[in-house]
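Asker:
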Amino acid sequence: MTMSKGFKYGLAGLAAAAVLCAAPVMAQETEAPAYALAADTAYIFNTLLFLIGGFLVMWMAAGFAMLEAGLVRSKNVSMQLLKNIALYSVAGLLYWLIGYKLMYVGVDGGFIGSFGPYSFDPVGGDALDTGYSTASDWFYQMVFCATAASVVSGTLAERIRLWPFMIFTVFLTGLFYPITGSWQWGGGWLSVQGFSDFAGSTLVHSVGGWAALSGALILGARKGKYGAGGEINPMPGSSMPLATLGTFILWLGWFGFNGASQLAMGTISDVTDISRIFANTNLAAAAGVVVAMLLTQLIYKKVDVTMALNGALAGLVAITAEPLAPSVPVAIFVGGVGAAIVVFAVPLLDKLKIDDVVGAIPVHLLAGIWGTFIVPLSNADTSYGVQLLGIVAVGIFTFVASGILWFVLKATVGIRASEEEEEMGMDKAEIGVEAYPEFSRG
Amino acid sequence: MTMSKGFKYGLAGLAAAAVLCAAPVMAQETEAPAYALAADTAYIFNTLLFLIGGFLVMWMAAGFAMLEAGLVRSKNVSMQLLKNIALYSVAGLLYWLIGYKLMYVGVDGGFIGSFGPYSFDPVGGDALDTGYSTASDWFYQMVFCATAASVVSGTLAERIRLWPFMIFTVFLTGLFYPITGSWQWGGGWLSVQGFSDFAGSTLVHSVGGWAALSGALILGARKGKYGAGGEINPMPGSSMPLATLGTFILWLGWFGFNGASQLAMGTISDVTDISRIFANTNLAAAAGVVVAMLLTQLIYKKVDVTMALNGALAGLVAITAEPLAPSVPVAIFVGGVGAAIVVFAVPLLDKLKIDDVVGAIPVHLLAGIWGTFIVPLSNADTSYGVQLLGIVAVGIFTFVASGILWFVLKATVGIRASEEEEEMGMDKAEIGVEAYPEFSRG
Amino acid sequence: MTMSKGFKYGLAGLAAAAVLCAAPVMAQETEAPAYALAADTAYIFNTLLFLIGGFLVMWMAAGFAMLEAGLVRSKNVSMQLLKNIALYSVAGLLYWLIGYKLMYVGVDGGFIGSFGPYSFDPVGGDALDTGYSTASDWFYQMVFCATAASVVSGTLAERIRLWPFMIFTVFLTGLFYPITGSWQWGGGWLSVQGFSDFAGSTLVHSVGGWAALSGALILGARKGKYGAGGEINPMPGSSMPLATLGTFILWLGWFGFNGASQLAMGTISDVTDISRIFANTNLAAAAGVVVAMLLTQLIYKKVDVTMALNGALAGLVAITAEPLAPSVPVAIFVGGVGAAIVVFAVPLLDKLKIDDVVGAIPVHLLAGIWGTFIVPLSNADTSYGVQLLGIVAVGIFTFVASGILWFVLKATVGIRASEEEEEMGMDKAEIGVEAYPEFSRG
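Protein chains in written order, with this note's numbering: chain C, 1 to 442; chain E, 1001 to 1442; chain G, 2001 to 2442.
Right, dumping it as structure tokens:
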């Protein structure tokens, strides 16, 4: 960060541009100004989009951590925090080691890419073919992979052991997510069919949701959650401010999630589309909040703040499959229905005794399915049949692969804390650091 | 987010630019590079400014939520969180449905724009007339509208009922804020007079402050806040970390609030001005913190952390009316005086028995008036008289319109929780979700 | 934010560009499009990089505040929050008043720059020489200065008095940090030697660490921390969610810290390098988390969440000296070793009875030394000898200068709270505002 270095770089940049640009002009006029090359400018804008979008989606990892820390009981908060920062870290390492190439390199209409770690552009690289820096693209795709893993963490909270969860995360981020991702975004068989999932209602959120569902079924409900007589015991989260903060973080990050999925910002057309995506994304989430508030007021006579938060998230998940094409009323419709699904699905899951601690299955899986299915309403290039095909294919693969892995983990290392550990809380059992050591419990 | 799509878009962008640019050059030389069009580049930079500024100001909604959650008592925290995410959602929907066109379309020197929902540029739009994408502009203006509504929420905390507050928010964001906004930013009568309010000390912060003041007067103080013998009972906020986090979020968001109010980033001159605004904004806030610390140390012999936070916010509000023109010493002066006003106004409001739970009236209304009034000190194109005219005109309209609405709501649905509900806390009374269910109260 | 103003600016920008660009083309063809000047575009990109990088690093001030608020006991939380917002404010004011010019103006291979406040580009400035706006550069460098001061705050928590700490901050941000900074980034003697510290492992983090170490030695440990019989009494932090939030904020901000230290974004080469930096920075932090988790599991049989957080930070600090040149495996190695150093250094410091409340000395000083030393592994233009020279020179200056100041403060105003105040907590003693007034202590 030396000034002299800045000076050097600055001048180098200008000089390089000048040399490149001035050539044809110099011939006719010696004092002519040097113009910016269109390809250079587009490359910088595209790469900048990935970097900004990437740091916004990275920030969603903090959003999941806060949301989940707020929705679990205080005796399990440290565990939840640790799992979230750990899964983000593992996702980064695995997505570099094998995930990215598995998803994007050499898929060619098939079912899987190639194996091996990914190499970025060299220092001072000036490759133009891609239209953006490869490292920026990797960074952006990596944070998506981490998002899918984040979804799983919340559902299984309060009873899963740390290391089996980490092993699952290794497979999910290094193998399962990249494989289904390759089918569509890697140019695989599903994209050949004409499936459409703009920013990942299915490929990211539902993938996380299917993995969470299979885990919840195999892991079982928390002790005491469902009584013998069919009663459902509420286990309220320890901190609404953290849950709300997490939701706001996710909402903010979603502008990067959906907006930068345009993948290019170097033309008027692209940046205008990104703007539409920002507006639609925001309005779908807003509709989700309002619908969840109205429905819970009507049904329960009180407005449930956690439902309002999940309504926002459901709206966001639902619009993610197609945030560009819809008119505003359609975006509001898509987001609002997503929230309604969550309001009705949360008690339904409890009736089925599927214990989803933070509501991730309704939000990410069900609203993700809804958002993906409804794409043809606004995007004429798609069909309901192919959308269903994609939803089902990705769902079956992820559910089965995850289920097998959960079974293997259960049969070998074990995935569930003992009853005593669960009672004591995962923080004392496995972390040794209480989240709020000074605050007594009411 | 398909690679093939990225490839397509990337190449399409380059190709489009190439076609547009290469024409005049090709005639003379076949291998000539294609240059970027100045109008395209400026359009992308301008739109990007709105998008970045917009997500930063959107983030301020989280800042208000955290600030207010930290400054109310724990029995009212869930309510405060819900109100903040709900008002941000309602602001988005209403500002699309009627607010934006009311504020910006067809004002023509008058008092109001036109009615109806707003339409964004079509997908793949390439309109150039505006110099930026219309959806990006809408998004940026929308988050400002939400900010005005956020101000009201804190003042009326701990005793207002949820749904009347939401109805008020509908009118504020859909009607009141856009109308006074149209007078100035929409090119209405006030802008014709030569009023100046760069980023909204008056049009955003004071509008929120006037609406809050009228509400506080009609709603009355919290039960037990002011004793019969004139004593003032402190009701300390439940979490200083949340209040501090909220302040930092607001400070961060303010770079978008003031910086992107430059409205253009496509020229050296514009981006240089944005940089000045960043620096001045930061230094005004910094001065606010230091002044509040020194004054509270001198007056109370201890430094009040909530006052330091409000000092930062007062500095930010004060510099908002003119963050570009001031030299650094003037920026420090404007911010520092803003904080001093808050230090003296907070106890004064208590003497007047105006119960402002979070100090929003001193911070947003009084520092906003100060910042707007003092603009001519650094901006020679303005006059103190016209600045006063704007302050008074916007103040009367907002205070009266808000007051009428509060009265109507009070006379019809009722705006205040019962004594029992207030005692119990709004979370149990109306939300049904406690903020910290496991922590006993001291 | 008037529309008419936007219109004006937008058109002005386009018109200006058109006038500048069209000249040579017009001669030959009347309807020729106007091209963007390469120098203008690079200037805008460079300045935008400083603004985005700057607000990301500004956000790190909130990260330190949350991290420290989470790692101290609840009776000292308000104090910690206040110190963090106060030091960020003071850093801004001092770095404008004297710091920036001391660091960057007129160093010329020497040991110090010139004195006096810094002036930004005028309103509407269009200076081109620098390649970026001076105010954006000041803003970016200022937030680095604040970061160094943030490091000190955590180590000395729970027993230092407020105002002596503020006086120390004035000297650190106005004098000590800029002086050593001038040696390298200001083009001083150390940069002449060939020292390399890309984004400040030594110049920012170790400077903060040395100042913290000298303070810890002179201030002494907290009462009761180290027993007479050699036992070490754990004093666990009050909130793991806040500590985790702080870590995520710092991780996010680090993309600005390291990425924007490239100092230019106007060429393909620069933006490609920034992308590499993002990826390497993220992977070094991820490696830090995983290494800290594995080591604490192996050593303590439980995973310590605070160690995982500090592992992430150590990875970030370590990669900061050279985030561009390393291949991914080297970046993972650098970050992982940084975390290992922290895992072993934390108990070592306790054995030496150096009471570092938040672990800032291992994280910022030791991992900073490691990262700086190992630069030659990936950067062939550097040597281990010169890297050691820089580490030692900066260390001696900062340790001695800080030590003298701490001694003077101790001998005059006093730096340490009384035993009663320490027992009572700094919040009651000096702030008068408790952080969590409603929550009883367990």
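Virtual Cβ for every residue (Gly too), placed ideally from N, Cα, C. Quantities reported herein were computed from a predicted structural model and do not represent experimental measurements.
I want to verify the contact list: residues of chain C whose CB lies under 7 Å from the CB of D2273/G, in sequence order.
Answerer: Taking the third sequence and counting its residues from 1, the one referred to as residue 2273/G is at position 273. Those within 7 Å of D2273/G in chain C are V123 and G124.
Asker: Check each candidate in R2416/G, V2305/G, G2395/G and L2324/G and name the one with the smallest Cα separation from L2190/G.
Answerer: Here residue 2190/G is taken as the residue at index 190 of the third sequence, counted from 1. Of the listed residues, the one whose Cα sits closest to L2190/G is G2395/G.
Asker: Counting pairs of beta carbons, one from the region 2368-2378 of chain G and one from the region 2086-2103 of chain G, are three or more of them closer than 8 Å?
Answerer: Verdict: no, contact absent.
Asker: Look at M60/C and I249/C and say whether their C-beta atoms are less than 8 Å apart.
Answerer: Residue mapping note: residue 60/C aligns to position 60 of the first sequence, counting from 1. Residue mapping note: residue 249/C aligns to position 249 of the first sequence, counting from 1. Contact: yes.
Asker: M1026/E to D2040/G, Cα distance in whole Å?
Answerer: Stepping through the second sequence from its first residue, residue 1026/E is reached at position 26. Stepping through the third sequence from its first residue, residue 2040/G is reached at position 40. Note that M1026/E scores a pLDDT of 41, beneath 50, so its modelled location is shaky; the value from the coordinates is reported in the next line. Cα-Cα distance, rounded: 24 Å.
Asker: Below 8 Å on the Cβ atoms is my guess for A2339/G versus A2314/G; work out the distance and round it to an integer in Å.
Answerer: The residue labelled residue 2339/G in the question sits at position 339 within the third sequence. The residue labelled residue 2314/G in the question sits at position 314 within the third sequence. Going by Cβ atoms, the distance from A2339/G to A2314/G rounds to 5 Å, so yes, they are a contact pair.
Asker: Could you tell me the alpha carbon to alpha carbon distance between Y1177/E and M1307/E, rounded to whole angstroms?
Answerer: Residue numbering aside, residue 1177/E sits at position 177 when the second sequence is read from its first letter. Residue numbering aside, residue 1307/E sits at position 307 when the second sequence is read from its first letter. Taking the straight line joining both Cα atoms gives about 28 Å.
Asker: If you drop the 5 nearest sequence neighbours on each side, which residues of the same chain put their C-beta closer than 7 Å to that of W2210/G?
Answerer: Working through the third sequence from its first residue, we reach residue 2210/G at position 210. Contacts found: L2365, G2395, T2398, F2399 and S2402.
Asker: Measure from the alpha carbon of E1421/E to the alpha carbon of each residue in I1044/E, G1125/E and L1162/E, then state which is nearest.
Answerer: The residue labelled residue 1421/E in the question sits at position 421 within the second sequence. Comparing Cα-Cα distances from E1421/E to each of I1044/E, G1125/E and L1162/E, the minimum goes to L1162/E.
Asker: Using a Cβ-Cβ cutoff of 7 Å, what residues of the region 321-353 of chain C are near chain G? List them in chain order.
Answerer: Answer in chain order: no residues at all.
Asker: Count the CB pairs spanning the region 237-254 of chain C and the region 1423-1435 of chain E that are closer than 8 Å, and state whether there are at least three.
Answerer: Short answer: they touch.
Asker: Check distances from the C-beta atoms of the region 2064-2089 of chain G to those of chain E and list, in chain order, the residues that come in under 7 Å.
Answerer: Cβ contacts with chain E: A2065, M2066, A2069, V2077, S2078, L2081, L2082, I2085, A2086 and S2089.
Asker: Spatial neighbours of D1129/E within its chain, please: C-beta separation below 8 Å, excluding the five flanking residues on both sides.
Answerer: For the purposes of this step, residue 1129/E is taken as residue 129 along the second sequence, with counting starting at 1. Taken in chain order, the list of residues that qualify is empty.
Asker: What ranges does the alpha helix (DSSP H) occupy inside the region 2293-2344 of chain G, keeping only unbroken runs of at least 4 residues that lie completely in it?
Answerer: With a minimum length of 4 residues, the continuous alpha helix (DSSP H) runs that stay inside the region 2293-2344 of chain G are 2305-2319.
Asker: Hey, which unbroken runs of the alpha helix (DSSP H) at 4 residues or more fall wholly within the region 104-165 of chain C?
Answerer: Within the region 104-165 of chain C, the complete alpha helix (DSSP H) runs of at least 4 residues are 134-155.
Asker: With a CB to CB cut of under 6 Å and the five nearest residues on each side skipped, what residues in its chain are close to A2325/G?
Answerer: For the purposes of this step, residue 2325/G is taken as the residue at position 325 of the third sequence. Excluding positions up to five away in sequence, the list reads S2378 and N2379.
Asker: Taking only three categories from DSSP, how would you classify F1195/E?
Answerer: Numbered from its first residue, the second sequence carries residue 1195/E at position 195. Note: F1195/E maps to coil in three-state DSSP.
Asker: Return the CA-CA distance between L1298/E and A1292/E, expressed in angstroms with no decimal places.
Answerer: The sequence position of residue 1298/E within the second sequence is 298, counting from 1. The sequence position of residue 1292/E within the second sequence is 292, counting from 1. Cα-Cα distance, rounded: 10 Å.
Asker: Under 7 Å between beta-carbons, which chain G residues line up against K1302/E? List them in chain order, please.
Answerer: Locating residue 1302/E in the second sequence gives position 302, counting from the first residue. Going along chain G in sequence order, the residues near K1302/E (Cβ under 7 Å) are E2430, I2431 and G2432.
Asker: If A1312/E sits next to I2431/G, beta carbons under 8 Å apart, how far is it from one beta carbon to the other, in whole angstroms?
Answerer: One-based indexing of the second sequence puts residue 1312/E at position 312. One-based indexing of the third sequence puts residue 2431/G at position 431. Not quite, the Cβ-Cβ distance comes to about 16 Å (not below 8 Å), so this is no contact.
Asker: Relative to the alpha-carbon of W1370/E, which residue among Q1184/E, S1114/E, H1205/E and G1063/E has its alpha-carbon at the smallest distance?
Answerer: In the second sequence, residue 1370/E corresponds to position 370, counting from 1. The residue with the shortest Cα to Cα distance from W1370/E is H1205/E.
Asker: For L11/C, name the three-state secondary structure that DSSP assigns.
Answerer: On the first sequence, position 11 is the one that residue 11/C refers to. For L11/C, the predicted model reports a pLDDT of 34, less than 50, meaning its position is unreliable; a value from the coordinates is still stated below. DSSP places L11/C in helix when its eight states are reduced to three.
Asker: What did DSSP end up calling I232/C once you bin it into helix, strand or coil?
Answerer: Residue mapping note: residue 232/C aligns to position 232 of the first sequence, counting from 1. Strand, per DSSP.
Asker: For K101/C, count neighbouring Cβ atoms within 10 angstroms of its own Cβ and tell me buried if that reaches 16, exposed if not.
Answerer: Taking the first residue of the first sequence as position 1, residue 101/C is located at position 101. So K101/C ends up on the buried side.
Asker: Does DSSP put C2021/G in a helix, a strand or coil?
Answerer: Position 21 of the third sequence, counting from 1, holds the residue named residue 2021/G. Only weak support exists for where C2021/G lies, its pLDDT of 38 falling under 50; the coordinates are left without a value.
Asker: Please classify A1256/E as buried or exposed, where buried requires at least 16 other C-beta atoms within 10 Å of its C-beta.
Answerer: Taking the second sequence and counting its residues from 1, the one referred to as residue 1256/E is at position 256. Going by the sequence as given, residue 1256/E is Gly instead of Ala. Its Cβ being crowded by 16 or more others within 10 Å, G1256/E is buried.
Asker: Tell me whether the beta-carbon of L1213/E lies closer than 8 Å to the beta-carbon of T244/C.
Answerer: As a working note, residue 1213/E is residue 213 in the second sequence. As a working note, residue 244/C is residue 244 in the first sequence. No, Cβ-Cβ distance for L1213/E and T244/C is not below 8 Å.
Asker: According to the neighbour-count rule (16 or more other Cβ atoms, all chains shown, within 10 Å of its Cβ), is A228/C buried or exposed?
Answerer: Here residue 228/C refers to the residue found at position 228 when the first sequence is read from its first residue. Looking at its Cβ environment, which holds fewer than 16 other Cβ atoms inside 10 Å, A228/C is exposed.
Asker: Within 8 Å (strictly less), CB to CB, does A62/C reach chain G?
Answerer: The residue you call residue 62/C lines up with position 62 of the first sequence. Yes, because at least one Cβ of chain G sits closer than 8 Å to the Cβ of A62/C.
Asker: Report the neighbours of A2135/G on chain E: residues whose CB is nearer than 8 Å to its CB, in chain order.
Answerer: By 1-based counting over the third sequence, the position of residue 2135/G is 135. Near A2135/G (Cβ distances below 8 Å), the residues of chain E are T1272, S1275, R1276, F1278 and A1279.
Asker: By the 10 Å Cβ neighbour count, where 16 or more other Cβ atoms means buried, how is A2411/G classified, buried or exposed?
Answerer: For this step, residue 2411/G is matched to residue 411 along the third sequence. When all chains shown are included, A2411/G counts as exposed.
Asker: Is it buried or exposed, K1301/E, if we count other Cβ atoms within 10 angstroms and call 16 or more buried?
Answerer: Position 301 of the second sequence, counted from the start, is the residue given in the question as residue 1301/E. It counts as exposed.
Asker: Taking G2092/G as the query, report the chain E residues whose CB atoms sit under 7 Å from its CB, ordered along the chain.
Answerer: Taking the third sequence and counting its residues from 1, one reaches residue 2092/G at position 92. Neighbours of G2092/G on chain E, chain order: N1282, L1283 and A1286.
Asker: Please confirm whether I2369/G has its beta-carbon closer than 8 Å to some beta-carbon of chain C.
Answerer: Counted from its first residue, the third sequence places residue 2369/G at position 369. So, not an interface residue.
Asker: Applying the 10 Å Cβ sphere with the 16-neighbour rule, what's the burial state of V1057/E?
Answerer: Counted from its first residue, the second sequence places residue 1057/E at position 57. Burial call: buried.
Asker: Indicate whether at least one CB of chain C lies closer than 8 Å to the CB of I2112/G.
Answerer: On the third sequence, position 112 is the one that residue 2112/G refers to. With 8 Å as the cut-off, I2112/G does not count as an interface residue toward chain C.
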